[in-house]
Amino acid sequence: MLFRSDPLRVGGLPVTGGPSGPRENAPPPTGKVYNTDGGPADKLALLAINDVEQFWQQTYNNVLKGTFTPIHQLISYDSNNPSSVSICGRDTYHFANAFYCPHDKVMAWDRGVLVPTAQRFFGDMSVSALIAHEYGHAVQQMAGLVSGETPTIVAEQQADCFAGVYLRWVAEGHSPRFTVSTGDGLDHVLAAVITIREPVLALEDTELIDQGHGTAADRVSAFGKGFIRDAAACAAIDMDELKH
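According to our numbering, the stretch in the sequence shown is residues 43 to 286, in order.
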């Protein structure tokens with residue numbers, strides 16, 4: 043979807059260069075992160091959470107059912123630490139990832155490996171995209187889009203799509219915290235979408251964990267749908283659509 047015959051436009055926007063990442067005049071991150079070390083990785087993740095939250099506060103009621111409720115349980119951990127905390131019944135030692143736990147309404151991320159690795163290879167906006175994906179899983183729960191019977195690939199495609207809608211908002215210049223170029227900046231985000239595999243649900247949702255998360259093409263396609271269209275298109279993703 044993002045790939046087009048016109049090399050000067052992406053998703054209808056002009057291809058631009060320039061910086062991608064936190065704005066120089068971005069407000070400081072706000073909110074409580076449990077188990078944080080107060081370092082730059084957690085500050086970046088929290089800034090991204092603030093931004094994605096603002097996006098959904100402005101967008102949710104226009105397109106989705108239910109009520110938007112910000113995620114208040116935010117937990118950071120260091121997957122390099124053998125004494126790393128257990129979250130939602132999950133051992134986080136050597137678990138270099140990020141996830142949303144619907145049962146406890148908790149979002150968690152690895153500050154030890156995941157965030158700095160994403161920054162190094164894909165840039166700061168890849169962290170924002172990752173956070174947007176995980177927040178997408180929370181939004182699914184709020185809107186009643188998924189249940190215990192929902193195939194994991196549907197949940198993942200919706201979340202990738204929601205991340206694309208958020209990145210479009212940033213690319214259009216609406217974010218007070220981040221900016222992303224539609225050239226190299228967006229290319230790096232797409233590379234991260236392909237590379238990083240996130241768990242969807244917590245251990246109590248074992249019936250979903252053994253299902254596929256989608257190929258690289260699936261994930262880029264879902265992200266592109268969100269970037270080009272809107273959150274309503276993401277919410278409409280189901281198995282019938284994915285089979286065609």
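Yeah, the Cβ is synthetic: ideal placement off N, Cα and C, and Gly gets one too.
Checklist entry - Is the Cβ-Cβ distance between Val235 and Val196 less than 8 Å? => result no
Item to check | Nonlocal neighbours in the same chain, by C-beta distance under 7 Å from His136, ignoring five residues either side | outcome: Ser121
Checklist entry - What are the residues that DSSP puts in a beta bridge with Leu55? => result Bridge pairing for Leu55: Val52 [DSSP].
Checklist entry - Would you report the Cα separation of Asp146 and His216, rounded to the nearest angstrom? => result Going from the Cα of Asp146 to the Cα of His216 covers about 31 Å.
Item to check | Entirely enclosed alpha helix (DSSP H) segments - the region 87-156, minimum 4 residues | outcome: DSSP runs (the alpha helix (DSSP H)) wholly in the region 87-156: none.
Checklist entry - Should the region 108-122 be called in touch with the region 176-194, which here means at least 3 C-beta pairs below 8 Å? => result The way I'd put it, the region 108-122 does touch the region 176-194; three or more beta-carbon pairs between them come closer than 8 Å.
Checklist entry - Going by C-alpha distance, which of Leu89, Ala174, Leu50, Ile117 is nearest Ile76? => result Inspection of the sequence shows that residue 76 is occupied by Tyr rather than by Ile. Considering only alpha carbons, the answer is Ile117.
Next on the checklist: Applying the 10 Å Cβ sphere with the 16-neighbour rule, what's the burial state of Leu245?
Outcome noted: At Leu245, the pLDDT of 44 sits below 50, so the modelled position is not reliable; the number obtained from the coordinates is stated separately. With fewer than 16 other Cβ atoms within 10 Å, it is exposed.
Checklist entry - Beta-carbon separation of Cys203 and Lys267 under 8 Å? => result A contact, by the Cβ cut-off of 8 Å.
Checklist entry - Does the distance from the C-beta atom of Val52 to that of Tyr208 stay below 8 Å? => result no
Next on the checklist: For Asp260 and Ala201, I'd like the C-alpha separation in whole angstroms.
Outcome noted: 12 Å
Item to check | Option nearest Asp152 by Cα separation, candidates Gly59, Ser126, Ala273 | outcome: Ser126
Checklist entry - How would you write the range of the alpha helix (DSSP H) that His297 sits in, first residue to last? => result Only positions 43 to 286 of the chain appear in the structure, and residue 297 is not among them; the question remains open.
Checklist entry - If Met149 sits next to Gly227, beta carbons under 8 Å apart, how far is it from one beta carbon to the other, in whole angstroms? => result That pair is no contact at about 24 Å.
Checklist entry - Ala275 lies in the alpha helix (DSSP H); which residues open and close that run? => result 273-277
Checklist entry - If you compare alpha carbons, which of Thr134, Ala275, Phe220 is closest to Asn123? => result Selected option, being the one with the closest Cα: Thr134.
Item to check | Selected residue, minimal CA-CA separation from Ala180, among Pro144, Val155, Leu172, Asn104 | outcome: Pro144
Item to check | Gly63 - partner residues in DSSP beta bridges | outcome: Thr221
Next on the checklist: Do Thr58 and Ser223 count as a contact pair if the criterion is CB distance below 8 Å?
Outcome noted: yes
Item to check | C-alpha gap between Ala140 and Arg132, whole angstroms | outcome: 12 Å
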